[in-house]
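The opening residue of the sequence shown carries number 202 in my numbering; numbering runs sequentially from there. Beta carbons: idealized from backbone N, C-alpha and C, even for Gly. Bear in mind that the values here come from a model prediction, so they are computed numbers and not experimental data.
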Amino acid sequence: MSNEVSGSDDAALGRRLNSELPRYTAPAHLRVSIVQATDRPARRPAWLVPLIAAAATAMALVLFMLPYLPRIEPTDPIQQVVRAVVNEHSRVLMWDARQPKIIPGDLPWLSQETGIDLRRAFVGDDRLTLVSAEPVYLTRQRGLAVHYRDVDGHLVTYIMLPAERTFTMNERDRVAIAGRWRPMLKRDAGFVTWVWKDHANRQCGAPVMVHR
Numbered sequence: 202m203s204n205e206v207s208g209s210d211d212a213a214l215g216r217r218l219n220s221e222l223p224r225y226t227a228p229a230h231l232r233v234s235i236v237q238a239t240d241r242p243a244r245r246p247a248w249l250v251p252l253i254a255a256a257a258t259a260m261a262l263v264l265f266m267l268p269y270l271p272r273i274e275p276t277d278p279i280q281q282v283v284r285a286v287v288n289e290h291s292r293v294l295m296w297d298a299r300q301p302k303i304i305p306g307d308l309p310w311l312s313q314e315t316g317i318d319l320r321r322a323f324v325g326d327d328r329l330t331l332v333s334a335e336p337v338y339l340t341r342q343r344g345l346a347v348h349y350r351d352v353d354g355h356l357v358t359y360i361m362l363p364a365e366r367t368f369t370m371n372e373r374d375r376v377a378i379a380g381r382w383r384p385m386l387k388r389d390a391g392f393v394t395w396v397w398k399d400h401a402n403r404q405c406g407a408p409v410m411v412h413r
């Protein structure tokens with residue numbers, strides 16, 4: 202019973218204080234200070250979310266299309282040959298040779314079509330198996346491509362092109378092999394190429410092997 206009386210007295214006292222006590226308007230600077238001190242979350246502009254979504258979509262498209270964009274053509278004659286040889290090797294990997302021929306049986310026809318007088322050819326051993334040979338047209342020149350398959354299933358392409366006067370071997374890129382040969386070692390698009398120049402026949406050889 203005492204609790205109920207005490208509760209009603211408190212309510213009556215509250216109403217009396219609310220009605221009788223004077224009220225004062227807070228200064229304007231105090232209100233500004235209170236508002237500024239309140240931790241309000243920053244409002245994001247309405248255009249921010251669509252902009253981020255559009256940028257993410259554009260970035261995804263660029264990453265998807267990047268491998269298919271044309272690459273800048275190098276000005277170095279050697280790098281131009283390497284790039285052309287790697288592209289031809291990649292084409293054969295995907296779609297096989299255009300006019301596959303067998304050597305040495307088709308050497309006369311290949312020599313006539315390519316302009317390269319190949320008197321003899323490597324027909325394979327216990328590590329490389331001859332797949333085919335075909336004429337090619339790279340860097341505005343006729344050439345001869347011979348394709349082999351190694352014991353691990355990798356395709357090895359050997360391409361011969363007429364060597365121009367501007368084709369000079371870079372001593373910095375040359376490596377010694379068996380103390381007799383010093384070809385250039387070049388890399389392009391994940392492939393390794395060995396490049397050398399046959400001074401007797403003025404021909405450039407550029408075999409391509411998969412880089413592992």
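- It is roughly 23 Å from the alpha-carbon of glycine 391 to the alpha-carbon of threonine 330.
- Excluding sequence positions up to five before and after isoleucine 253, its CB lies less than 8 Å from no other CB in the same chain.
- In the structure shown, methionine 370 falls within a coil segment according to DSSP collapsed to helix, strand and coil.
- Distance from the CA atom of serine 220 to the CA atom of tryptophan 248, rounded to whole angstroms, is 50 Å.
- Note: isoleucine 378 is bridge-paired with Trp382 in the DSSP secondary-structure output.
- Sixteen is the threshold: when 16 or more other Cβ atoms of the shown chains lie within 10 Å of the Cβ of alanine 364, as they do, the residue is buried.
- In the DSSP assignment, arginine 341 falls outside any alpha helix (DSSP H) and carries neither an H nor an E.
- Taking the Cα of lysine 302 as reference, the smallest distance to any Cα among Ala229, Phe323, Pro336, His290 is reached at Pro336.
- Taking 9 Å as the cut-off, the Cβ atoms of leucine 345 and isoleucine 378 do not count as close.
- Straight across, the Cα-Cα distance linking arginine 350 with alanine 285 is about 20 Å.
- A direct Cα-Cα distance of roughly 47 Å separates arginine 381 from valine 263.
- Boundaries of the beta strand (DSSP E) around valine 357: 356-363.
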